[in-house]
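Colleague:
Number of protein chains: 2
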Amino acid sequence: MNNLLIIGGSDAGISTALRARELRPEVEVTMVVADHYPNYSICGIPYYLSREVEFPEDLAHRKTADIEDAGIRLLLGHRAERVDPPSRTVAVRDERGQLKTLEYDGLILGTGAVSVKPGIPGLDLPGVFTLRWMGDTLAVERLLDEKRPESATIIGGGYIGMEMAEALTNRGLAITVIEYAETVMTTLDPDLGQRVTERLAGAGVRVVNGVGVEAIEQAGDRLTVKGSGGFRHVSEMVLTVVGARPMTDLATSAGLDTGITGAIKVNRRMETNIPDIFAAGDCVETWHRLLNAYAYMPLGTTAHKQGRIAGENAVGGGREFAGCVGTQVVKVFDLVAARTGFHDADARQAGYAPLSVDTETWDHKVCYPGATPMLIRVTGDRTTGRLLGAQIIGQHGAEISKRIDIFATALFHRMDVEALNHLDLSYTPPLSSPWDPVQISAQNWLRKAEQTK
Amino acid sequence: MNNLLIIGGSDAGISTALRARELRPEVEVTMVVADHYPNYSICGIPYYLSREVEFPEDLAHRKTADIEDAGIRLLLGHRAERVDPPSRTVAVRDERGQLKTLEYDGLILGTGAVSVKPGIPGLDLPGVFTLRWMGDTLAVERLLDEKRPESATIIGGGYIGMEMAEALTNRGLAITVIEYAETVMTTLDPDLGQRVTERLAGAGVRVVNGVGVEAIEQAGDRLTVKGSGGFRHVSEMVLTVVGARPMTDLATSAGLDTGITGAIKVNRRMETNIPDIFAAGDCVETWHRLLNAYAYMPLGTTAHKQGRIAGENAVGGGREFAGCVGTQVVKVFDLVAARTGFHDADARQAGYAPLSVDTETWDHKVCYPGATPMLIRVTGDRTTGRLLGAQIIGQHGAEISKRIDIFATALFHRMDVEALNHLDLSYTPPLSSPWDPVQISAQNWLRKAEQTK
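Chains A and B, in that order, are what the protein sequence lines are. Position 395, counted from 1, in the first sequence is what my numbering calls 918; the numbers after and before it change by one each time, with no gaps. Position 362, counted from 1, in the second sequence is what my numbering calls 885; the numbers after and before it change by one each time, with no gaps.
#1: Quick check on the DSSP output: what are the complete alpha helix (DSSP H) runs of length 4 or more inside the stretch 865-931 of chain A, in order along the chain?
#2: What residues in the stretch 914-942 of chain B have a beta carbon less than 7 Å from any beta carbon of chain A?
#3: Using a Cβ-Cβ distance cut-off of 9 Å, determine whether residue 633 of chain A contacts chain B.
#4: Below 9 Å between beta carbons: does that hold for residue 719 of chain A and residue 568 of chain A?
#5: Quick check: is the beta carbon of residue 598 of chain B nearer than 9 Å to any beta carbon in chain A?
#6: Could you list which residues in chain A have their beta carbon closer than 7 Å to that of residue 560 of chain B, in chain order?
#7: Residue range of the beta strand (DSSP E) that residue 828 of chain B falls in?
#8: Can you check whether the C-beta of residue 956 of chain B is within less than 9 Å of a C-beta belonging to chain A?
#9: Can you list the residues of chain B that residue 831 of chain A reaches, using a CB-CB cut of under 7 Å?
#10: Check whether the Cβ of residue 496 of chain B lies closer than 9 Å to any Cβ atom in chain A.
#11: What does residue 970 of chain B reach in chain A if we use C-beta pairs closer than 9 Å?
#12: Who are residue 935 of chain B's beta bridge partners in DSSP?
#13: What number of angstroms, rounded off, separates the C-alpha of residue 786 of chain B from the C-alpha of residue 768 of chain B?
#14: Residue 757 of chain B CB to nearest chain A CB: under 9 Å?
#15: For residue 877 of chain B, tell me which candidate among B:681, B:906, B:895, B:689 has the shortest Cα-Cα distance.
#16: With a cut-off of 9 Å, does the C-beta of residue 850 of chain B fall near any C-beta of chain A?
#17: Quick one: give me the first and last residue of the alpha helix (DSSP H) that residue 543 of chain A is part of.
#18: Tell me the rounded alpha-carbon separation between residue 627 of chain B and residue 811 of chain A.
#19: Does the Cβ-Cβ distance between residue 556 of chain B and residue 543 of chain B come in under 9 Å?
#20: Counting pairs of beta carbons, one from the stretch 829-842 of chain B and one from the stretch 876-896 of chain B, are three or more of them closer than 8 Å?
#21: Given a cut-off of 9 Å, decide if residue 744 of chain A and residue 650 of chain A are closer than it, judged by their beta-carbon atoms.
#22: Can you list, in chain order, the residues of the stretch 801-813 of chain A whose Cβ is nearer than 7 Å to any Cβ on chain B?
#23: For residue 958 of chain A, which three-state DSSP category applies?
#24: For the stretch 584-620 of chain B, which segments carrying the beta strand (DSSP E) assignment without a break, of at least 3 residues, lie completely within its bounds, in sequence order?
#25: Anyone know if the C-beta pair for residue 946 of chain B and residue 932 of chain A falls short of 9 Å?
#26: Residue 582 of chain B versus chain A: which residues are under 8 Å apart at the beta carbon?
#27: Return the first residue and the last residue of the beta strand (DSSP E) that residue 817 of chain A is part of.
#28: The beta strand (DSSP E) that contains residue 551 of chain B, what's its start and end?
#29: So, does the CB of residue 564 of chain B fall closer than 9 Å to a CB anywhere in chain A?
#30: Is DSSP giving residue 564 of chain A helix, strand or coil here?
#31: Express the C-alpha separation of residue 830 of chain A and residue 577 of chain B in angstroms, rounding to a whole number.
#32: Among the residues of its own chain, which have a CB less than 8 Å from the CB of residue 524 of chain B, if the five just before and after it don't count?
#33: Mark residue 655 of chain A as exposed unless 16 or more other C-beta atoms lie within 10 angstroms of its C-beta, in which case mark it buried.
#34: Out of B:893, B:881, B:774, B:957, which has the shortest C-alpha to C-alpha gap to residue 967 of chain B?
#35: Taking contact to mean 3 or more Cβ pairs, one atom from each stretch, closer than 8 Å, check whether the stretch 526-538 of chain B and the stretch 918-934 of chain A are in contact.
#36: At what residue ranges does the stretch 612-700 of chain A contain a whole run of the beta strand (DSSP E), taking only runs of 3 or more?
This is how it looks when you write it as structure tokens:
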């Protein structure tokens, strides 16, 4: 292994490259990046558009110079067109249309995902955007800056939809969110999604649920979003943020297998079905530690982990990806909502006998100023007592994010709900209580499980 | 088991009582409390004296009525004088001097700890206090309120010393802290203790290290603290907060064994050497999960856990205390310092080959406003790669407390440092980075361990 070629310069690609160089500094690493923004943070886009992040280049986890200083050769503005496994080559085309052939000893595909485009007319109209690449981001910013729209419609009530609703509200636009499901944030239970809706409403954001968008039409500067049941909404800008699907054209044309979600099939060593070709990040299926099965989980945290594994194994290691447990967090204005593991519905689907119990508690001793309430929903298996998941919703500043991580770490170790009580967690009155909220909610679950036996 | 008698109304006692009643509501539970403040938070005292907590009764985790509503019979103002195991009785004396004999089927000692009093003259002078009971607290408040002192000396640079330095600074007093050791906060490594000192200095608190206090002398309203090396310091008030020792007179007179720390000897079921007598909280030795040995760890979190185990086992259960891992956190002004597990020195003492590696990192993506730096020190075993402990110091609001809990949960499961990278932790730019600081510090440790092999 002398020459590692990486297609894609986002989280998975960079993690792979850094890990390979760390373990084997003599290996030549070349990274092919389609645009000129390697290693930028997709998750950061809403915060640039909200103007909380001042310069677009600040969205990069690492600057180009940092990447090159780590000994990684960057080919920016190069698009990989074809992988030929028998000759171990990849054909790439630069921005002037020149085709080059790159050889590899080891190849990593970190091609990422693309925004899902709903099959409706009007997506290509001016003022209608998807949001994934820096190109998208800069186009949105240009419109905001030049046309100063007063209203925007966001199609999709997921993480990015929520963050963009906040971002554009903060820039003074009147925002309407349209979500096909009965609540926004379908990664949470519906009633918790409803709490997010209420927080949005408090900030003046209108949320419309249960409407399927059918078309976008333009009349001058006005864009009309038409939906099911005669729905009509007019605004000056439309963002379509309805999810991501794996970008696998290059992989499938090279003969790589894909899994049931359409993502590249990998084993837990991040190997594909073709020798010396690895894949990681938003383009692959992800091992889910609780499901004991693969799922599609396009997240930056997972991409980093998988990239690190791929980088290690590409240079001769033998490490396995331990699997995700479904941990996510979002901040919407001053509300933080986090989840890990299963909720009731998907636990039942996975064959468990779930019980979910709510606990309303304070983030720290209520006698100390500034205590805020949070709702913790613990899901566990009635039969075995095993912890299956948790959801927390509360105020920014209440350490909700790292509290879900205590649950996530417990899930990683397949703990019982009872065992949470044995964790030696930190306490001082301004920051917690002698039983942390995590444990208070566990005890509440145990009581309810006992009562409903 | 019909009749459970509990001596002591603080964390261990209440946890025992609640757990016993929860599992066996038919069991009669009587709780003997020496004063009139059951279940108040010792950890909360500094926040009452700082006036952040308005009323002293708010320091109670539960009000008297709540405790009685849970079916617990309270004997306030009763002091247990003698336990007679053969007859299963306890002699208690009320405040009028009346002696009563109480019978028990099961007895729990939750007698707690007393403030260590250094063997120096002057501790009984007016204006000189220890701080553990509500009586102490109210006496301090009375002096602050009536005499309005302008200066105070705090002997002891531990948790309570730090919190009282903040509390009394916030009330406008000029504070001097005297600590015998070379730094304050000896539960942290010395250089981290030094950071706490610097934060105190920034708030105008003077810290004197390396001085052994030899006497306190009074002249009018002025108290002079005299120490080694000719040290002299004059102030209007002195607090002596140099630790706690287990209160075991009742136990030893009843024939209960004590351990090497002088605390009541218990097994992991919280049983003493005499049948049907359990003990929990600050009066007992505590099983340390990493040491695989007993230690003295008088903490509210531990007392609650031990009480819960004692309560369960007293009514017929068979659960074991899983052991503490040494987790603690303190807030000093806007600084938060947390620790869990071993540091270098005690890891070496415990037979490990420790390596401690520092990482300075941000609590969240630095491009998002409000990011603050934190120092994470990871200690692991060079030979096995096992995680041994962590210390974190940084700003209030940076989720330091719950980040140390991720380490604590990892320690509970005896994880390797490498395995921290596999945890599926939550991320959004305002709250973390794709690798959480916990994981960034783990990777840094692994790099250093590799380099220094």
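Glycine included, every Cβ here is placed at the ideal spot set by N, Cα and C. As the structure is a computational prediction, the values presented were derived from the model and not from experiment.
Modeller: This is what the structure holds:
#1: Taken in chain order, the whole alpha helix (DSSP H) runs of length 4 or more contained in the stretch 865-931 of chain A are 867-872.
#2: 920, 922, 924, 925, 926, 927, 928, 929, 931, 932, 933, 935, 936
#3: Your numbering for residue 633 of chain A matches position 110 in the first sequence. False, the Cβ-Cβ gap to chain B never drops below 9 Å.
#4: As a position in the first sequence, residue 719 of chain A is number 196, starting the count at 1. As a position in the first sequence, residue 568 of chain A is number 45, starting the count at 1. Residue 568 of chain A sits away from residue 719 of chain A, with the two beta carbons spaced by 9 Å or more.
#5: Taking the first residue of the second sequence as position 1, residue 598 of chain B is located at position 75. So no, residue 598 of chain B is outside the interface.
#6: Taking the second sequence and counting its residues from 1, the one referred to as residue 560 of chain B is at position 37. Within 7 Å Cβ-Cβ: nothing; residue 560 of chain B doesn't reach chain A, min ~14 Å.
#7: Taking the second sequence and counting its residues from 1, the one referred to as residue 828 of chain B is at position 305. No beta strand (DSSP E) holds residue 828 of chain B; the alpha helix (DSSP H) holding it covers 823-837.
#8: On the second sequence, residue 956 of chain B is found 433 positions in, with the first residue counted as 1. Contact with chain A is found for residue 956 of chain B, since one of that chain's Cβ atoms lies less than 9 Å from the residue's Cβ.
#9: Here the question's residue 831 of chain A lines up with position 308 in the first sequence. In chain order: 944.
#10: Residue 496 of chain B lies beyond the range of chain B shown here (524 to 976); nothing can be said about it.
#11: Against the second sequence, residue 970 of chain B aligns to sequence position 447. By Cβ distance, chain A contributes 545.
#12: Counting from one through the second sequence, the residue named residue 935 of chain B turns up at place 412. For residue 935 of chain B, which the question treats as bridged, DSSP gives no partner whatsoever.
#13: In the second sequence, the residue the question calls residue 786 of chain B occupies position 263. In the second sequence, the residue the question calls residue 768 of chain B occupies position 245. Computed Cα separation, rounded: 8 Å.
#14: To locate residue 757 of chain B, count along the second sequence from 1; it is residue 234. For residue 757 of chain B, the answer is no, since every Cβ of chain A falls outside 9 Å of its Cβ.
#15: Residue numbering aside, residue 877 of chain B sits at position 354 when the second sequence is read from its first letter. That would be B:906, whose Cα lies nearest to the Cα of residue 877 of chain B.
#16: One-based indexing of the second sequence puts residue 850 of chain B at position 327. By this cut-off, residue 850 of chain B is an interface position.
#17: Here residue 543 of chain A is taken as the residue at index 20 of the first sequence, counted from 1. Segment 534-546, the alpha helix (DSSP H) holding residue 543 of chain A.
#18: Position 104 of the second sequence, counted from the first residue, corresponds to residue 627 of chain B. Position 288 of the first sequence, counted from the first residue, corresponds to residue 811 of chain A. The alpha-carbon atoms of residue 627 of chain B and residue 811 of chain A are separated by roughly 52 Å.
#19: Locating residue 556 of chain B in the second sequence gives position 33, where the first residue counts as 1. Locating residue 543 of chain B in the second sequence gives position 20, where the first residue counts as 1. The criterion of a C-beta distance shorter than 9 Å is not satisfied by residue 556 of chain B and residue 543 of chain B.
#20: no
#21: Residue numbering aside, residue 650 of chain A sits at position 127 when the first sequence is read from its first letter. Residue numbering aside, residue 744 of chain A sits at position 221 when the first sequence is read from its first letter. Yes, these two residues count as a Cβ contact at 9 Å.
#22: none
#23: As a first step, residue 958 of chain A must be located in the first sequence, where it is residue number 435. In the three-state reduction of the DSSP assignment, residue 958 of chain A falls in the coil class, being assigned neither a helical nor a strand state.
#24: 595-599, 602-607, 612-616
#25: In the second sequence, the residue the question calls residue 946 of chain B occupies position 423. In the first sequence, the residue the question calls residue 932 of chain A occupies position 409. Cβ atoms of residue 946 of chain B and residue 932 of chain A: closer than 9 Å.
#26: What you label residue 582 of chain B is simply residue 59 of the second sequence in a count that begins at 1. Those within 8 Å of residue 582 of chain B in chain A are 890.
#27: On the first sequence, residue 817 of chain A is found 294 positions in, with the first residue counted as 1. Here the beta strand (DSSP E) through residue 817 of chain A covers 816-818.
#28: Position 28 of the second sequence, counted from the first residue, corresponds to residue 551 of chain B. Start and end: 551-556.
#29: On the second sequence, position 41 is the one that residue 564 of chain B refers to. For residue 564 of chain B, the answer is yes, since a Cβ of chain A falls inside 9 Å of its Cβ.
#30: To locate residue 564 of chain A, count along the first sequence from 1; it is residue 41. Three-state DSSP puts residue 564 of chain A in coil, outside helix and strand.
#31: Here the question's residue 577 of chain B lines up with position 54 in the second sequence. Here the question's residue 830 of chain A lines up with position 307 in the first sequence. Computed Cα separation, rounded: 52 Å.
#32: For this step, residue 524 of chain B is matched to residue 1 along the second sequence. Within the same chain, residue 524 of chain B has close Cβ partners 547, 550, 628, 629, 837, 838, 839.
#33: Counted from its first residue, the first sequence places residue 655 of chain A at position 132. It is buried - the Cβ of residue 655 of chain A has at least 16 other Cβ atoms within 10 Å.
#34: Against the second sequence, residue 967 of chain B aligns to sequence position 444. The option with the nearest alpha carbon to residue 967 of chain B is B:881.
#35: no
#36: 612-616, 622-626, 629-632, 636-638, 674-678, all fully within the stretch 612-700 of chain A.
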